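*Asks:* My structure is below; once you've seen it, I'll send some questions.
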Amino acid sequence: MKAKILSFFILTFLFFSCSKKDEASLSFLAMDTFMTLKCYGKEAHKVNQKVKAAIEELDSKLSVTLSESDFYRLNKAKDFPVKVSDDCSELLINCKKISELTDAAFDVTLYPVVKEWGFTNGNYHLPSENKIEELLKKVDYKKIQIDKNEVTFEPGQMLDSGAVGKGFAGDKAIEIYKKNGIKSAMVDLGGNIQLLGKNPYGKDWKIGIKNPLQNEIALALKVSNCAVITSGGYERNFKADDGKTYIHIFDPKTGFPVDNDIASVTVISDSGFYADALSTALFVMGQKKAVDFWKKNCNFQMIIITKDKALFYTEGLKNKISACTDFSKVTVLSAL
Ligand code: ADP
Ligand code: MG
């Protein structure tokens with residue numbers, strides 16, 4: 522009887538502790554993306570407003586189009602060094618580390634190439650081979666020097682944080698929630714999901730992973746306290762005069778949009794920045810190299826869906842992942 526009363530009490534407590542008055546949801550546009558913040562706990566509305574303000578402030582530093590942003594000033598600079606914010610220098614230091622780690626599959630200096638193809642203004646076209654060759658000379662993360670808040674690189678080089686900005690912003694959001702006593706939050710930055718703690722019912726959050734090959738959910742994932750970030754070519758692409766579809770993720774070695782066996786890569790990690798950077802880099806590598814990379818650096822979990830609808834996922838996701846569609850083959854990756 523006592524146990525019954527106790528469990529009734531716990532259930533009631535859980536029910537009240539998760540009631541709507543403690544839930545706050547806030548949607549807005551920033552970083553060219555529709556964002557939704559959800560958090561639970563005391564002052565949830567106020568904390569969401571703080572997080573929104575911080576993301577907007579970060580956007581005003583990282584945007585390539587807002588004049589006075591760090592990236593705008595860097596890309597227009599004729600004299601170096603250029604003074605930048607703490608956030609910008611932290612981001613660039615981390616970008617260089619990821620480039621080293623991924624053998625430059627990720628390169629923050631790709632912007633001149635991305636711009637030429639029209640992905641920055643919608644003026645899409647297939648550039649000439651000569652033009653690509655000329656622009657590729659400007660792509661080299663090694664030429665960026667960061668000394669505290671001063672950044673130097675070669676005139677003509679340009680940077681963009683498109684592949685990491687949302688993950689970086691997600692990390693900042695989670696930091697603010699923690700500082701303000703929030704223990705449960707879900708940040709959705711245009712499909713980049715970042716989770717703080719468990720859901721308000723004390724369970725893992727259930728996240729859907731899109732099928733990159735057709736409009737449906739391919740996988741359900743039960744996770745907590747992590748970032749879940751996907752790169753794929755299915756959302757931003759264009760069809761060129763040669764009849765081919767070109768996507769917004771580029772191979773820094775060729776200056777061409779990636780066209781390999783991968784349809785999407787999802788990275789699950791403690792850090793949003795790392796997950797965002799890696800999902801882009803692993804996409805560039807292709808399935809085989811991405812799996813080899815994971816075997817050498819298995820401090821994250823990974824899901825790959827290939828163009829022939831095969832599914833690969835890392836062993837740490839066993840019991841957390843369930844398929845919502847049919848795959849041609851399923852492979853669980855183990856580190857050994
Ligand atoms: P999304 O922004 O759609 O979530 P990604 O995180 O993969 O996708 O980032 C893609 C963006 O990053 C592109 O729009 C471009 O600005 C930039 N980018 C493309 N290829 C690379 C690359 N290999 N390394 C660094 N940045 C890239
Ligand atoms: Mg990315």
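Residue numbers (this note's numbering): 522 to 857.
Heads up, the beta-carbon is just placed ideally off N, CA and C, and yes, glycines get one too.
This structure is a prediction, so every number in the text was calculated from the model and none was measured.
#1: Check each residue's C-beta against every heavy atom of the ligand MG and list, in chain order, those closer than 7 Å.
#2: Any heavy atom of the ligand ADP within a distance shorter than 7 Å of the CB on D543?
#3: Are the beta-carbon atoms of I789 and Q808 separated by less than 8 Å?
#4: Under the rule that 16 or more other beta-carbon atoms within 10 Å means buried, what is Q678, buried or exposed?
#5: Give the single residue among T557, P721, A739 whose Cα lies nearest to the Cα of V572.
#6: I need the straight-line Cα distance from S584 to L854, nearest angstrom please.
#7: Decide if F555 is buried, meaning its Cβ has at least 16 other Cβ atoms within 10 Å, or exposed.
#8: In chain order, what residues of the same chain lie with their CB nearer than 7 Å to the CB of D692, ignoring the 5 residues before and after it?
#9: Go to L742, then tell me how far its alpha helix (DSSP H) extends in each direction, as first and last residue.
#10: If you measure from the beta carbon of I697 to each beta carbon in chain D, is any gap under 8 Å?
#11: From I565 to D608, what does the alpha carbon distance come to, in whole angstroms?
#12: Tell me whether E696 sits in a helix, a strand or coil according to DSSP, three-state version.
#13: On the CB-based measure, 16 or more other CB atoms within 10 Å of its CB, does H646 come out buried or exposed?
#14: Which value, in whole angstroms, describes the spacing of the CA atoms of T827 and K563?
#15: Which ranges would you report for the alpha helix (DSSP H) in the region 628-710 if only whole runs of at least 4 residues count?
#16: Consult DSSP for E611 and reduce its assignment to one of helix, strand or coil.
#17: For a test of the three-state rule: what should DSSP assign to K567, helix, strand or coil?
#18: Apart from the five residues just before and just after S538, which ones in its own chain have a Cβ nearer than 8 Å to its Cβ?
#19: Which residue from S800, V805, E756 puts its Cα closest to that of G776?
*Replies:* Reading from the atomic positions:
#1: Contact residues of the ligand MG (beta-carbon closer than 7 Å to any heavy atom; chain order) are A684, V685, G688, I750, S752, D797, A798, S800, T801.
#2: Relative to the ligand ADP, the beta carbon of D543 is positioned no closer than 7 Å to any heavy atom.
#3: Contact flag unset, no.
#4: Looking at its Cβ environment, which holds 16 or more other Cβ atoms inside 10 Å, Q678 is buried.
#5: Out of T557, P721, A739, T557 has the C-alpha closest to the C-alpha of V572.
#6: In this structure, the alpha-carbon of S584 lies about 37 Å from that of L854.
#7: Within 10 angstroms of the beta-carbon of F555 lie fewer than 16 other beta-carbons, which makes it exposed.
#8: Hits under 7 Å: S792, G793, F794.
#9: Note, L742: premise wrong, no alpha helix (DSSP H); beta strand (DSSP E) at 738-744.
#10: Protein chain content of the structure displayed is limited to a single chain, and chain D is not contained in it.
#11: As written in the sequence, residue 565 is Ala, which differs from the Ile given in the question. So the two alpha carbons sit approximately 25 Å from each other.
#12: Of the three classes helix, strand and coil, the one that applies to E696 here is helix, per DSSP.
#13: Exposed: under 16 other Cβ atoms inside 10 Å.
#14: Their backbone Cα atoms lie some 43 Å apart in a straight line.
#15: For the region 628-710, whole alpha helix (DSSP H) runs of length 4 or above, ordered along the chain, are 632-637, 650-657, 686-700.
#16: Helix, per DSSP.
#17: The answer is helix: DSSP assigns K567 an H, G or I state.
#18: Confidence at S538 is low in this model, with a pLDDT of 44, below 50, so its placement is unreliable and no value can be given for it.
#19: Per the Cα distances, V805.
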